[in-house]
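Following: one structure in structure tokens, then a few remarks.
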Amino acid sequence: MSTPMFSIIIPTFNVAATLHACLDSIVKQSCSDFEVVIVDGASTDNTLDIANSYASTLGARLVIHSGPDQGIYDAMNHGVTMATGAWLLFLGADDTLYEADTLARVRDFIDAHQPSDLVYGEVIRLSSGSAFGGEFDLDRLLFGACMCHQSIFYRRELFAGIGPYNLRYPVCADWDFNIRCFSNPALAIRFMDIVVAHWNDVDGFGQQVVDKEFKKRLPKHFGLSALQVLGRIRMTLSQKEARQAAWTVVRRMPYVAYQARKAKSKSVRPS
63 MSTPMFSIII PTFNVAATLH ACLDSIVKQS CSDFEVVIVD GASTDNTLDI ANSYASTLGA
123 RLVIHSGPDQ GIYDAMNHGV TMATGAWLLF LGADDTLYEA DTLARVRDFI DAHQPSDLVY
183 GEVIRLSSGS AFGGEFDLDR LLFGACMCHQ SIFYRRELFA GIGPYNLRYP VCADWDFNIR
243 CFSNPALAIR FMDIVVAHWN DVDGFGQQVV DKEFKKRLPK HFGLSALQVL GRIRMTLSQK
303 EARQAAWTVV RRMPYVAYQA RKAKSKSVRP S
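One gets my numbering by counting positions in the sequence shown from 1 and adding 62 to each.
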């Protein structure tokens, strides 16, 4: 089998109830230039039976590994090492690709926008049927929301340069990874006006869970960018609005407030 354009990596653990729909949405794609990499965490239901039932349809395009892991991001890291595709998409076992020509549209976008290292679109929430996504930048990642990994296609080599998912963050490792990507000015990151997936935000992993370790360390790692944003807030908003915005930032990122006070004290300290 030649190197596929896409590797669709699916971490699984006891997902027999939803895996059929996920895999069916992949099998029906008009673009067949993909492989499916299932990384199973030693499921005890019939998840693996369902996965193996697609071998007759996908053939060599189906790769399955099963064994204990340290959580979803450990499974995703394993998936990266197993994948051979040029572009990686991480899809939840309870998510589905949006329509039959999703991969074809993404392929055409990538072909028309070179060079690219990371391309992303939108998802449709299961809870409301509304779209989530839009364009992101570093500011939005730092102070707004995490990108939905079901909407992102990463060039495979990106993981060699940026590094794997950090297992220190059991819920927000993808957020951390995306911030590292957006913090690198050498990367070509592009937004696609394409809906990639139906996203299960009802039962999905980690939607409302706070990763305290990540929240604690985010401003430490990206404090400079955060301070730059605070500076822009002060320049563009009224004094009242600036105070309100700054208070929002301070509540979210206590370390930034500490760094700002520290920087100010140094600037007025006599030599």
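Where a beta carbon is used, it is the ideal one built from N, C-alpha and C, also for glycine.
Straight-line spacing of the CA atoms in Val-181 and Asp-107 works out to 35 Å. The beta carbon of Asp-236 sits closer than 6 Å to those of His-211, all from its chain and outside the five residues before and after it, given in chain order. By the Cβ neighbour-count rule, Val-264 is exposed, with fewer than 16 other Cβ atoms within 10 Å of its own. Counting only residues of its own chain and dropping the five nearest sequence neighbours on each side, Arg-252 has a CB closer than 7 Å to the CB of His-175, Ser-178, Val-181. Taking a C-beta distance under 7 Å as the contact criterion, Ile-134 and Pro-73 qualify as a contact pair. Excluding five sequence positions before and after Ser-64, none of the CB atoms of its chain fall closer than 7 Å to its own CB. Exclusion of the five residues before and after Pro-130 leaves Gly-103, Ala-104 as the residues of its chain whose Cβ lies within less than 7 Å of its Cβ. When the five nearest sequence neighbours on each side are left out, the beta carbons in the same chain lying within less than 6 Å of the beta carbon of Met-254 are those of Phe-171, Val-181, Gly-183, in order along the chain.
Secondary structure note for Thr-119: its alpha helix (DSSP H) is the uninterrupted segment 117-120. Bounds of the alpha helix (DSSP H) holding Arg-242 are 235-244. Comparing alpha-carbon positions, the option among Asp-199, Ala-207, Arg-123 lying closest to Ser-69 turns out to be Arg-123.
Per the coordinates, the alpha-carbon of Met-209 lies some 9 Å from the alpha-carbon of Arg-202. With the rule of 3 Cβ pairs closer than 8 Å, the stretch 186-203 does not count as touching the stretch 110-125. The three-state secondary structure of Gly-183, taken from DSSP, is strand. The residue among Ile-241, Tyr-216, Ala-222 with its C-alpha nearest the C-alpha of Phe-198 is Ile-241.
By the neighbour-count criterion, in which 16 or more other beta carbons inside 10 Å mark a residue as buried, Ala-155 falls on the buried side. Annotation: Ala-166 to Asn-246 spans about 28 Å, alpha carbon to alpha carbon. By the neighbour-count definition (other C-beta atoms within 10 Å, threshold 16), Ser-213 is a buried residue. Rounded to whole angstroms, the gap between the alpha carbons of Val-185 and Ala-259 is 5 Å. Distance from the Cα of Ser-128 is smallest, within the candidate group Val-99, Gly-147, Phe-152, Gly-206, for Val-99. The alpha-carbon of Ile-224 is positioned some 18 Å away from that of Ala-137. Cβ neighbours of Gln-91 within its own chain (closer than 8 Å, five residues either side excluded): Leu-159, Ala-162, Asp-163, Thr-164, Leu-165, Ala-166. The three-state reading of DSSP puts Thr-80 in helix, counting H, G and I together.
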